[in-house]
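Asker:
Structure, rendered in structure tokens:
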């Protein structure tokens, strides 16, 4: 398998392709870009782009100096290199990397559409369940040497679909603010209490003014009766003037009562108006995004960490370079203060109740003071940090969100009792799948199905040989595994006995000093125990040494791990004479048993391994969307 393992090579191939000198590079995605559809989608990439952040990603991808002017060709080169750069997992984010690799390799049109939306509009949008969900471009790409900034930013953008929330009430931030008035100590309860107090005072004023109006009416009626009883012109003029005064006073009392009543009506409806506008503004000014650095781990990680999400304050701007990642308590409460002061004029502008503008100003001041109190700090932080949290989302959630799947994803899953049980499960599953599903695997070793262990998502590659021959075989699955994999290797290993000279010859391949052979002959399992006792911290190296030195039956690779250059493979372990699960480098020079996963392979836990069995669930861009976008060119 040929992999271009650095950014420089990928960019060079992309430059040659754009200039028409791509030569004979046999890359699948370059073949797609030569198609009519591929050429059309690529031709859309033209300046201007969405932001300076996108320009920075292009410069970093192409290693261009800041003073060099970017051109349309630069955009296209960055995009083409994104299609051929070997994307690998560099943090504990298999839930995003496995789908990203699948999209890059199997759905190039989807990747091109995503990159266009990110580079030209700064976001990706999906509509499902009757709701629209927009994910802005990731403000971080990792900054690693020789990584692909544009491609990595896209991967981290789609990672946000692992915890998509179509309503603000499900945000971690919403819960920490306490916008629900029933949550005592939160901002919602505070605003509700303040408005309720004003409403009660206003209602009391309405009652008082109504009483004054009733008295004024009574007094006007008395004056009216006296006017009717007047027996002289002078008395009539006096009573008439008195009536006019009383009537005017009654009108004034009525106006004051009506205005107070209108204020009470407005106050009674003011809370939902305020909360509604605050909720809308919060979603414009804040964002919960996947943070690749929240749980940073080494790229050889075997136990994947949960998805880390972080709160971002956007300062009302669309350019991600202007956003602030909230890192601590001080940043969080500072952003809240800034937010309420910033949105005050915006909410006032849409408020049709004139007195409400003054109420908004007063409430803003009181809310800012509340934010600085110890009691609100205790409320906001009582459960978890509002600015950083571990997602409750998952690999399945991301797939459903990204591919707009509204039903359940078709899969086969069960706990695994042994590596042999796992291989049997996979072969039997592939034999049982419809031919329309398995047909591509007969000719394309890169075609994939999504697969997962209890802690890791990766790509099953049914077309890899000799794994392919196993599920194409019409006989009993166990018989094929036994005859082609287990018995030949087991017989060979059992025949080996290492005397002192052979022990030294093998051990000196990795131990230049400190090794002393056992005087008696050792079997392979005994030799491993002997080496481990002598070098307890070199278990992986010892396992690789034994396999490389004594194996005659090649391993059976069956899946792409996402990690560096490793496949998952089955092989008989020289230390146990039993079938085992390994991670194996593509060149075969490094192979290590998956010892950290032993409890997922021996029946100790009842957590499932699974395969997603309907690749049509994860199709390319919807035909209507693709046709519409192509038509616009």
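Numbering (my numbering), first residue to last: 1 to 633.
Idealized CB from N, CA, C, for every residue including glycine.
1. Quick check on residue 214: buried or exposed, where buried means 16 or more other Cβ atoms within 10 Å of its Cβ?
2. Determine the extent of the beta strand (DSSP E) in which residue 660 is found, giving its start and end residues.
3. Give the straight-line distance between the Cα atoms of residue 431 and residue 276, rounded to the nearest whole angstrom.
4. Would residue 419 pass as a contact of residue 579 if the rule is Cβ separation under 8 Å?
5. If I measure Cβ to Cβ from residue 103 and keep anything under 6 Å in the same chain, skipping five residues before and after, which residues do I get?
6. Report yes if the CB atom of residue 221 is closer than 8 Å to the CB atom of residue 230, and no otherwise.
7. Is the Cβ-Cβ distance between residue 136 and residue 287 less than 8 Å?
8. Please classify residue 450: does DSSP put it in a helix, a strand, or coil?
9. Bridge partners of residue 125, per DSSP?
10. Anyone know if the C-beta pair for residue 195 and residue 157 falls short of 8 Å?
11. Is it the case that the Cβ atoms of residue 74 and residue 62 are separated by a distance below 8 Å?
12. Going along the chain, which residues of its own chain have a beta-carbon closer than 7 Å to the beta-carbon of residue 623, five neighbours each way excluded?
13. What do you get for residue 358, buried or exposed, if any count of 16 or more other CB atoms within 10 angstroms of its CB means buried?
14. Under 8 Å Cβ to Cβ from residue 49, same chain only, skipping five residues before and after it: list those, please.
15. What did DSSP end up calling residue 220 once you bin it into helix, strand or coil?
16. Determine, using beta-carbon pairs with one atom in the region 200 to 211 and one in the region 250 to 267, whether at least three such pairs fall under 8 Å.
17. Assuming residue 397 is part of the alpha helix (DSSP H), what are its boundary residues?
18. From 69, 564, 599, pick the residue whose C-alpha is nearest to that of residue 587; which is it?
19. Quick one: what does DSSP say residue 594 is sitting in, helix, strand or coil?
20. Considering only DSSP beta bridges, list what residue 19 is partnered with.
21. For residue 600, which residues in the same chain have their Cβ closer than 8 Å to its Cβ, ignoring the five residues on either side in sequence?
22. Which residues in the same chain as residue 518 place their Cβ atom closer than 6 Å to its Cβ, once the five residues preceding and following it in sequence are excluded?
23. Given that a residue counts as buried once 16 or more other Cβ atoms are within 10 Å of its Cβ, and exposed if not, what is residue 428?
24. Would you mind working out which of 582, 448, 541, 535 sits nearest residue 554, comparing C-alpha positions?
25. Decide if the region 84 to 91 is in contact with the region 435 to 453; the criterion is three or more beta carbon pairs, one per stretch, under 8 Å apart.
26. Report yes if the C-beta distance between residue 645 and residue 309 is below 8 Å; otherwise report no.
27. Is the beta carbon of residue 458 less than 8 Å from the beta carbon of residue 189?
28. For residue 8, does the count of other Cβ atoms within 10 angstroms reach 16, so buried, or fall short, so exposed?
29. Would residue 486 pass as a contact of residue 424 if the rule is Cβ separation under 8 Å?
30. Residue 21: buried (16+ other C-beta within 10 angstroms of its C-beta) or exposed?
31. Would you list, in sequence order, the uninterrupted beta strand (DSSP E) runs of no fewer than 3 residues that lie entirely inside the region 420 to 501?
32. By alpha-carbon positions, which one of 539, 510, 508, 504 ends up nearest to residue 522?
33. If we call anything under 8 Å between Cβ atoms a contact, is residue 611 one with residue 399?
34. So, is residue 491 buried or exposed, given that buried needs 16 or more other C-beta atoms within 10 angstroms?
35. So residue 613 is in the alpha helix (DSSP H); what residue range does that whole segment cover?
36. Of all the options 329, 293, 336, 328, which has the alpha carbon lying nearest to the alpha carbon of residue 711?
Answerer: Straight from the coordinates:
1. Exposed is the call here.
2. Examination of residue 660 is not possible in this model, given that the chain is present from 1 through 633 alone.
3. Between residue 431 and residue 276, the C-alpha separation is close to 55 Å.
4. When the beta-carbon positions are compared, residue 419 and residue 579 come within less than 8 Å of each other.
5. Setting aside the 5 residues that flank it on each side, residue 103 is surrounded in the same chain by 110, 111, each with a C-beta closer than 6 Å to its C-beta; the list follows chain order.
6. No; because the gap between Cβ atoms is not below 8 Å, this pair is not in contact.
7. For residue 136 and residue 287, yes; Cβs fall inside 8 Å.
8. DSSP places residue 450 within a strand segment (E or B) once states are collapsed to three.
9. Paired residues: 134.
10. Cβ distance not < 8 Å, so residue 195 and residue 157 don't count as in contact.
11. Yes; because the gap between Cβ atoms is below 8 Å, this pair is in contact.
12. Confidence is the limiting factor: at residue 623 the pLDDT is only 44, short of 50, which leaves the residue's position unreliable, though a coordinate-based value still follows. In its own chain, leaving out the 5 sequence neighbours on each side, no residue places its CB closer than 7 Å to the CB of residue 623.
13. So residue 358 counts as exposed.
14. Apart from the 5 residues on each side of it in sequence, residue 49 sits with its Cβ closer than 8 Å to the Cβ of 55, 58, 75, 119, 120 in its chain, given in chain order.
15. Three-state DSSP puts residue 220 in a helix.
16. Contact holds: three or more Cβ-Cβ distances are below 8 Å.
17. Annotation: the continuous alpha helix (DSSP H) that includes residue 397 extends over 395 to 402.
18. Considering only alpha carbons, the answer is 564.
19. In the three-state DSSP reduction, residue 594 falls in the coil class, being neither helix nor strand.
20. Beta-bridge pairing links residue 19 to no other residue.
21. Excluding positions up to five away in sequence, the list reads 416, 453, 454, 455, 607, 609.
22. Closer than 6 Å at the Cβ level, and outside the excluded window around residue 518, lie 530.
23. The Cβ neighbour count for residue 428, taken over all protein chains shown within 10 Å, is under 16; the residue is labelled exposed.
24. Check the Cα spacing between residue 554 and each of 582, 448, 541, 535: the tightest is with 582.
25. The region 84 to 91 vs the region 435 to 453: no contact.
26. Look at the range of the chain in this structure, 1 to 633, and you will see that residue 645 is not part of it.
27. Contact flag unset, no.
28. Classification of residue 8: exposed, given that the 10 Å Cβ count is below 16.
29. No, they are not a contact pair.
30. Residue 21 comes out exposed.
31. Entirely contained in the region 420 to 501, the beta strand (DSSP E) runs reaching 3 residues are, in chain order, 449 to 452, 457 to 460.
32. Cα-wise, what sits closest to residue 522 is 504.
33. Going by C-beta atoms, residue 611 is not nearer than 8 Å to residue 399.
34. Exposed is the call here.
35. Boundaries for residue 613: no alpha helix (DSSP H) harbours it, and the DSSP string shows neither H nor E there.
36. What is shown of the chain runs 1 to 633, which leaves residue 711 out entirely.
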